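Protein chains in written order, with our numbering: chain A, 1 to 336; chain B, 1 to 329; chain C, 1 to 396.
Have a look at this one:
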């Protein structure tokens, strides 16, 4: 029984993470009908943004609440800006083209972030460049060489995993005779629920949300009705990216290993969770994420753990075949 | 007379290509040959995926899974019959026959897998095929990693080095002939109709699900062929070779070449393979440059290099160019 | 005749490809000219294939650094018999098919004297036939699968390794658990997608049972997973005395943390894949008191180890991990053989490598046996105070 309850806690903790990433996925898909493959990499950037801010603030030596807030806000701002830039420069020029076209740029952006972050640090690159020039008998002019010396020596981070300092102190509780729960699990769940409610309110209770739904329903007609379609799409992207940053920090805080390709699998799984819950639906993403987390947990805990991913996917496929629109999706009737 | 021409038609390309490929096989040094094989395998993958993603307008992102099915099937057969020699045949020919049979089996098993994945998922519209193929890719990997007979994570090593330029080239010819003849046939028109407007196609009496499944099965079979060829070049098959990233690479080739354009897929597959090889000396910068090129290309040519056109549609008439017969618009 | 025209175009495309494909060889030699000039008779070229990008890039990078350090040290001493050494590194993105192509290019175009690589056995298995076919000796720094040097019962003529093989290290861990830790109930947590981890776990399991112990649970994970609590909770229910986790430090650090979070106090036991300062940094307190088998103990006072650690720190600004030491040793064994060989390439180099005896490497006294494997003792170390501390030595 204790073991089962522990599995429930673990599944909940894993599921909320998937849910948070899936929320971002589902919003972007809702308005653009675009599978944003770069979403998992925005999540990765969020973790690294938090890492750099935390290192600059010295969180590891003396964690405190204001610092944790600064880390969160800073990472959210970085990801929001990144999301805006990606939409503006990689997706918007292709908006009226076939969907697969933007999918390829999404893959391109995803590769660029993943492999860009695996490069050696700027200073190391600069020094290597200098070395090459010297090999040819050339010397850099003094001002340029001076710039090289102040380039960051830990960005890009390179492929070696980094240790992410805890943004706030970890507290473990033992409840119900041996079930271990930490404050991170509780905070993750609370944050996910708060964001879900907030999103639901934004989507259904604000002008922005109404415009978003209109764009999602028919962007051309929405444009004719005077809705600034581009701005709404930009806003959706920013919101989704900010959510990715939050998810990343919650994950990195309790599982403190970050590396440039950490977003690949969570991104794919969140995508599956979003579709499972009914793509475009906010509660759907939440439930989809939780169901995925639980099913993985139970499969790994009670059957053969090496089949974890396989069985989770197989289950999702089966459910989708029975209910193609997802748990909370609307059945759309296609008209000619 | 007409009958004979019809019968001979599919044979002609092979007859023409065989001596050329054989010449290439003899002349090409080892390092060129291995890149030619890589190009050929990628061309087979891209053209066959184009049948689903380009002609039919569906969205499959699990091509590598069918490759894996074909690769393991072929590998099991060639390693199983390593010591076997068909009676009355010299060793070389006997090995070639076994390899050919292994490739045919690879295609057959991969097409069965395609059928199993296709029938349930192609009843639905939208991105469901994407998720189901994605999930299938994961499931295949998990199954291989848990099966002792398939060598688990290590895979099967010590395969005969059977694949060469000639075999790969014949595979390419077969794939292109298949795609080309499919495109100009009645069946091909049905696929294009589905791509342009599935509801309208259904209203016109086209069995949309049936055609989608058929296209998917054909595509899976050729992915299996590519898998069988690839692993007999590097003499090793492991689950790591057939990841989600591999599937995405093929999707990129198809979209970059132009959805629905056979020559586009061929050229995109060739250019990408050669370009990546050419950039190899650049270490970590290689993939960064590759991704920037990808974004830049899509932004400047959103329909891909060729759109839905074929190369002969764009050539001037005196060079053999002609108007598209309507198949590819 | 439509098909005929199509074939003509196809043949032209293939022909064009052939011409295009020829280019890289010529260009690649010129493009990164800074790294190495064109190979010539008075220069020795080392080819390294590693995953410099992708999920295992950190291992490829460490190995490459180790090789670089070895080359720089030899060049500073005036090279091998007066010849300077150059390095050409190709990235395979962690894909076997790329490793095969890269190996072909290094041996045929770049005409390297010796081929070093890969970390993962699956990629070394793709390189090995190329090395054999072209008669270029290959030393793999850390591919532990027995099949890398011995295929179908035949030793591959040109392929060597300087690391342990799976059966040896799995057995060492089992013996240590049974005889030194004196435990009888062990759970295994293995990386199902990694042949190294699978190999170690299989041999550990067989040996531990043979010694009279029981395996109470056998769970698996996938490299790169963020969450291991499901498996750990299941293991916890079986109450093992030790958990054997033969994986890489990237995952083990998180596994250790999550085990402690679940209130599990058992020590973990692992293999040389653990050896990195990152394990202590990320694992923190959670990894304290765990054991792993390794090639050397970093607190070993012998100068050959301490000099290497210091030189590496000075050159790259970080402490070397096990893979860097293996890369260094692979290169050093090759150079040592080149010095002895009449000709630093081909069969004469191969014979010299095969004759390596009692070479004092960083990762142990290396002797190449008749299977082309390195036979050297393993040490077991304990994680204590954020570093590894020597516990015992196990002879092969």
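From the three backbone atoms N, C-alpha and C, an ideal C-beta is built for every residue, glycine too. Quick caveat, the model's predicted, so the values are computed rather than measured.
Practice item. Would you please state the rounded distance, in angstroms, between the beta carbons of residue 44 of chain B and residue 222 of chain B? I believe it to be under 8 Å. Key: One-based indexing of the second chain puts residue 44 of chain B at position 44. One-based indexing of the second chain puts residue 222 of chain B at position 222. Contact flag correct, Cβ pair sits at about 6 Å.
Check your understanding: Which residues bound the alpha helix (DSSP H) around residue 363 of chain C?
Key -> Residue 363 of chain C sits at position 363 when you count from the first residue of the third chain. Run containing residue 363 of chain C: none; DSSP gives neither H nor E here.
Exercise for review: State the DSSP-derived secondary structure class of residue 309 of chain C, mapped to helix, strand or coil.
Suggested key: On the third chain, residue 309 of chain C is found 309 positions in, with the first residue counted as 1. Note: residue 309 of chain C maps to helix in three-state DSSP.
Check your understanding: Per DSSP, what kind of secondary structure is residue 217 of chain A in: helix, strand or coil?
Key -> The residue given as residue 217 of chain A occupies position 217 in the first chain. Helix at residue 217 of chain A.
**Study point:** Nearest-angstrom Cα separation, counted from residue 61 of chain C out to residue 283 of chain B
**Key:** On the second chain, residue 283 of chain B is found 283 positions in, with the first residue counted as 1. On the third chain, residue 61 of chain C is found 61 positions in, with the first residue counted as 1. Rounded to whole angstroms, residue 283 of chain B to residue 61 of chain C spans 11 Å at the Cα level.
Exercise for review: Inspect the beta-carbon positions of residue 131 of chain C and residue 158 of chain C and report whether they are closer than 7 Å.
Suggested key: Position 131 of the third chain holds residue 131 of chain C. Position 158 of the third chain holds residue 158 of chain C. Cβ atoms of residue 131 of chain C and residue 158 of chain C: closer than 7 Å.
Practice item. Please find out if some non-hydrogen atom of the ligand PLP comes closer than 6 Å to the beta-carbon of residue 31 of chain B. Key: The ligand PLP is not part of the structure shown, which contains no ligands of any sort.
Point to revise | Cβ contact (3+ pairs, closer than 8 Å) linking the region 138–152 of chain C and the region 195–206 of chain C | key: yes
**Study point:** Beta-carbon proximity check, residue 349 of chain A vs residue 267 of chain A, cutoff 7 Å
**Key:** This structure does not reach residue 349 of chain A, given that chain A is present from 1 up to 336, and the question cannot be answered.
Review point. Do we get a CB-CB distance below 7 Å when we pair residue 294 of chain B with the residues of chain A?
Key: For the purposes of this step, residue 294 of chain B is taken as residue 294 along the second chain, with counting starting at 1. Yes, residue 294 of chain B lies at the interface with chain A (some Cβ there is under 7 Å from its Cβ).
Point to revise | C-alpha distance - residue 37 of chain B paired with residue 164 of chain B, whole-angstrom precision | key: Translated into positions along the second chain, residue 37 of chain B becomes position 37. Translated into positions along the second chain, residue 164 of chain B becomes position 164. Rounded to the nearest angstrom, the two C-alpha atoms are 7 Å apart.
Check your understanding: Is it buried or exposed for residue 238 of chain C, if we count other Cβ within 10 angstroms and need 16 for buried?
Key -> One-based indexing of the third chain puts residue 238 of chain C at position 238. Per the 10 Å Cβ criterion, exposed.
Exercise for review: Return the bridge partner residues of residue 191 of chain C from the DSSP annotation.
Suggested key: In the third chain, residue 191 of chain C corresponds to position 191, counting from 1. In DSSP, residue 191 of chain C forms a bridge with C:221.
Point to revise | CA nearest to the CA of residue 43 of chain A, picked from A:117, A:241, A:191 | key: Here residue 43 of chain A is taken as the residue at index 43 of the first chain, counted from 1. A check of alpha carbon separations from residue 43 of chain A across A:117, A:241, A:191 identifies A:241 as the nearest.
Check your understanding: With which residues is residue 156 of chain B paired in a DSSP beta bridge?
Key -> As a working note, residue 156 of chain B is residue 156 in the second chain. According to DSSP, which records beta bridges pairwise, residue 156 of chain B is partnered with B:237.
Practice item. State yes or no: is the beta carbon of residue 247 of chain B nearer than 7 Å to at least one beta carbon in chain C? Key: Here residue 247 of chain B corresponds to residue number 247 of the second chain, with the count starting at 1. Output row for residue 247 of chain B: interface = no.
Exercise for review: From the DSSP output, in three-state form, read off residue 274 of chain C for me.
Suggested key: Counting from one through the third chain, the residue named residue 274 of chain C turns up at place 274. The answer is helix: DSSP assigns residue 274 of chain C an H, G or I state.
Check your understanding: Roughly how many angstroms separate the alpha carbons of residue 98 of chain C and residue 60 of chain B, rounded to a whole number?
Key -> By 1-based counting over the third chain, the position of residue 98 of chain C is 98. By 1-based counting over the second chain, the position of residue 60 of chain B is 60. The alpha-carbon atoms of residue 98 of chain C and residue 60 of chain B are separated by roughly 24 Å.
Point to revise | Three-state secondary structure (DSSP) of residue 162 of chain A | key: Residue 162 of chain A sits at position 162 when you count from the first residue of the first chain. Residue 162 of chain A: strand per DSSP, three-state reduction.
Exercise for review: Round the Cβ separation of residue 116 of chain A and residue 288 of chain B to the nearest angstrom and send it over; I've been treating them as touching at under 8 Å.
Suggested key: Here the question's residue 116 of chain A lines up with position 116 in the first chain. Here the question's residue 288 of chain B lines up with position 288 in the second chain. With a Cβ gap of about 5 Å, residue 116 of chain A and residue 288 of chain B count as contacting.
Exercise for review: Indicate whether at least one CB of chain A lies closer than 7 Å to the CB of residue 268 of chain C.
Suggested key: Sequence index remark: in the third chain, residue 268 of chain C carries index 268 (1-based). No, residue 268 of chain C lies away from the interface with chain A (no Cβ there is under 7 Å from its Cβ).
Review point. Between residue 37 of chain C and the rest of its own chain, which residues show a CB-CB distance below 6 Å, the 5 nearest in sequence each way excluded?
Key: Residue numbering aside, residue 37 of chain C sits at position 37 when the third chain is read from its first letter. For residue 37 of chain C, the predicted structure reports a pLDDT of 34, less than 50, and the residue's modelled location is therefore unreliable. The matter cannot be settled from this model.
Practice item. Pull out every residue of the region 218–234 of chain A whose Cβ sits closer than 8 Å to any Cβ of chain B, in chain order. Key: none
Practice item. Scan the region 232–253 of chain C for residues whose Cβ lies nearer than 7 Å to a Cβ of chain A and list them as they occur along the chain. Key: Taking 7 Å as the upper bound on Cβ-Cβ separation, chain A lies near residues 233, 234, 237, 250, 253 of the region 232–253 of chain C.
Practice item. Check each candidate in A:310, A:229, A:297, A:93 and name the one with the smallest Cα separation from residue 296 of chain B. Key: Counted from its first residue, the second chain places residue 296 of chain B at position 296. Ranking the options by Cα distance to residue 296 of chain B, first place goes to A:93.
Review point. Leaving out five residues before and five after residue 232 of chain B in sequence, what residues of the same chain have Cβ atoms less than 6 Å from its Cβ?
Key: Start at 1 with the first residue of the second chain, and residue 232 of chain B comes out as number 232. Closer than 6 Å at the Cβ level, and outside the excluded window around residue 232 of chain B, lie 159, 162, 163.
Review point. Cα-Cα, which of A:323, A:297, A:260 is closest to residue 49 of chain A?
Key: In the first chain, residue 49 of chain A corresponds to position 49, counting from 1. Looking at the Cα atoms, A:260 is the closest of the given residues.
Check your understanding: Since residue 78 of chain B sits in a beta bridge, which residues does DSSP pair it with?
Key -> One-based indexing of the second chain puts residue 78 of chain B at position 78. Beta-bridge pairing by DSSP links residue 78 of chain B to no other residue.
Point to revise | Contact with chain A by residue 229 of chain C, beta-carbon distance below 7 Å | key: In the third chain, counting from the first residue as 1, residue 229 of chain C sits at position 229. True, the Cβ-Cβ gap to chain A drops below 7 Å.
Check your understanding: Which residue or residues does DSSP assign as beta-bridge partners of residue 84 of chain C?
Key -> Taking the first residue of the third chain as position 1, residue 84 of chain C is located at position 84. Residue 84 of chain C is bridged to C:43.
Exercise for review: Might you give, ordered along the chain, the residues of its own chain that have their beta carbon closer than 8 Å to the beta carbon of residue 33 of chain A, omitting 5 neighbours on each side?
Suggested key: Working through the first chain from its first residue, we reach residue 33 of chain A at position 33. Answer for residue 33 of chain A: 99, listed in chain order.
Check your understanding: Can residue 292 of chain A and residue 273 of chain A be called in contact, C-beta distance under 7 Å?
Key -> Translated into positions along the first chain, residue 292 of chain A becomes position 292. Translated into positions along the first chain, residue 273 of chain A becomes position 273. Closer than 7 Å, so yes.
Check your understanding: Where does residue 206 of chain A land, buried or exposed, given buried means 16+ other C-beta within 10 angstroms?
Key -> The residue labelled residue 206 of chain A in the question sits at position 206 within the first chain. Exposed.
**Study point:** From C:84, C:349, C:129, C:169, residue whose alpha carbon lies closest to that of residue 104 of chain C
**Key:** Here residue 104 of chain C refers to the residue found at position 104 when the third chain is read from its first residue. Taking only the C-alpha atoms, the option nearest residue 104 of chain C is C:129.
Review point. Are residue 288 of chain A and residue 7 of chain A touching if we call contact CB-CB under 7 Å?
Key: Stepping through the first chain from its first residue, residue 288 of chain A is reached at position 288. Stepping through the first chain from its first residue, residue 7 of chain A is reached at position 7. No, the pair does not count as a contact, with Cβ atoms beyond the cut-off.
Review point. When the cut-off is 7 Å and only beta carbons count, does residue 79 of chain C lie next to chain F?
Key: Protein chains A, B and C are contained in the structure displayed, whereas chain F is not.
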